[in-house]
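Just so we're aligned, residue 61 is where the sequence shown starts under my numbering, counting upward by one.
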Amino acid sequence: MRFGALGRTALVGLVATLVVTGCSSSGDQSTSASSSDMKTDLLIGQYPGADSAPLFIAMERGFFKEEGLNVKQEPIQAPQAVLGKLSNGTMDVVLGSYATILTIQEAGTEKFKYIADSYQGAAGAFGVMVKKDSPIKDIAGLKGKKIGVNALAGLGTLTMNPHLKIAGLDPKADIQYVEVPTTNWLSSLDKGDVDAVWMTDPYVSQAKKDLGATMLLDTMSGPTDGLPITGWAATEKWVAENPKTLAAFQRAMAKAQNIAATDRSAVTKVLPTFTKIPAETAATINLGAYPTTLSAQRIQRVADLMLDAGMLKQKMDVNSMIYSSAQG
Numbered sequence: 061m062r063f064g065a066l067g068r069t070a071l072v073g074l075v076a077t078l079v080v081t082g083c084s085s086s087g088d089q090s091t092s093a094s095s096s097d098m099k100t101d102l103l104i105g106q107y108p109g110a111d112s113a114p115l116f117i118a119m120e121r122g123f124f125k126e127e128g129l130n131v132k133q134e135p136i137q138a139p140q141a142v143l144g145k146l147s148n149g150t151m152d153v154v155l156g157s158y159a160t161i162l163t164i165q166e167a168g169t170e171k172f173k174y175i176a177d178s179y180q181g182a183a184g185a186f187g188v189m190v191k192k193d194s195p196i197k198d199i200a201g202l203k204g205k206k207i208g209v210n211a212l213a214g215l216g217t218l219t220m221n222p223h224l225k226i227a228g229l230d231p232k233a234d235i236q237y238v239e240v241p242t243t244n245w246l247s248s249l250d251k252g253d254v255d256a257v258w259m260t261d262p263y264v265s266q267a268k269k270d271l272g273a274t275m276l277l278d279t280m281s282g283p284t285d286g287l288p289i290t291g292w293a294a295t296e297k298w299v300a301e302n303p304k305t306l307a308a309f310q311r312a313m314a315k316a317q318n319i320a321a322t323d324r325s326a327v328t329k330v331l332p333t334f335t336k337i338p339a340e341t342a343a344t345i346n347l348g349a350y351p352t353t354l355s356a357q358r359i360q361r362v363a364d365l366m367l368d369a370g371m372l373k374q375k376m377d378v379n380s381m382i383y384s385s386a387q388g
C-alpha cells in the first residue's frame, strides 16, 4: 500500500489547507465561518468508492461543522450527469476523474477549477476483471469483446488504451466499450452483459471474493503507473462567488485527506458506510494513495496521456485550472 505525500513535485494551491495541525477552532476560522456572505449549505457529488473516503471522514469527524459548513452528499456516476446542477449552483463541488473533468473543460460545456486532490493510482487497485470461467486469458483475448466502464471517455478507457496498444489492439476498432454504472459492475460481469469490466477497489476485491473473478490487466502499471485518479472541482463561477466557503471546504478536506494518507484503518472503517462493500472486504482491499497537495505537474501527466490517446484535441495547460488562494 502507498500512503502520504507523493514525490518531490511542484506543489500548487491549497497552501492554507495543508496546515492541518489542529487549528480548526482558531479565531480566524470561526470569524470566517460566521461571515454573513458565506454559503454554508453545500451539496457535494461523490463517487461511491475509495476516492470519496476523505469526504466521509470529514463528515463523520465534524470537520465541516467546525468550519461552519452543513454538507450533504449525493452519489454520482460521473460529473457529466450532474453538469446542470453544477452550472445552476444546486450542487457546489464534485469529485471527478481528472480525465473526465479535462474532457468537459476542453469541450467548453463548463469551466472548472481543481480545488483539492483526492486519489492516486497504486498497483492492484484498478484493473480489468473477468469472470472465473472466462475464456479470455490475456489482453489480446479482449479483441472483439465488450468491456464495461463507468464513463466512455474517462479513467477506465484512458488507462486501458496504452496497454491494449502494447498488446497490438486498436482500442477504437477492436474493443467495444460499454457504459456500466459503478454500482452495477459486479452484476453486469456476473450476468454476462459484458465480457470484462474495468473496476476500482473495493469492487475489485469484492469481485474476486463473490464471483471468483480475476484481474486480467492491472491498469496502474507500466505506462500508467501511479497515475492521478480523481480530484475535487468546482465551476469557475462558483469559485469566484464563494471564496470563503471554498477556503473552509479546503481546510476541512485537508484534515481528512491527511488522515486518509496516514491511517489506512480510517479509510477501511468508513468505506462500508457509503458503499455496498462489507467490512471484511474493505479491511483487505488494495488502496491507492491520498495526496495531501494539489500538483499541476502530476495532473499534467493525465492531460498529456489523453492528448496522446486522442481524448483531447489539443494540449492543455493544467496549471491554469488549479485554484490558488491568491485568486480568492
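Backbone N, C-alpha and C define an ideal beta-carbon position, used for all residues, glycine too.
- Annotated three-state conformation of L367 is helix, per DSSP.
- In this structure, P241 and Q140 do not form a Cβ contact; the two beta carbons are roughly 13 Å apart against a cut-off of 8 Å.
- With a cut-off of 8 Å on Cβ pairs, the region 228-246 is not in contact with the region 176-183, counting fewer than three such pairs.
- Between P283 and P222, the gap from beta carbon to beta carbon is short of 9 Å.
- By alpha-carbon distance to I161, the top candidate from A200, K203, D152, L215 is L215.
- Put simply, the backbone Cα of A321 is about 15 Å away from that of G291.
- The region 200-213 makes contact with the region 256-266: 3 or more CB pairs, one atom from each, lie closer than 8 Å.
- Between the alpha carbons of L277 and P303 lies a gap of roughly 42 Å.
- Around the beta-carbon of G348, 16 or more other beta-carbon atoms lie within 10 Å, marking it buried.
- For M313, the enclosing alpha helix (DSSP H) covers residues 303-322.
- Separation of D270 and S355 (C-alpha to C-alpha, rounded to the nearest whole angstrom) is 37 Å.
- Judged by DSSP secondary structure, D278 falls within the beta strand (DSSP E) whose first and last residues are 274-278.
- Counting only the Cα atoms, K232 lies some 27 Å from L143.
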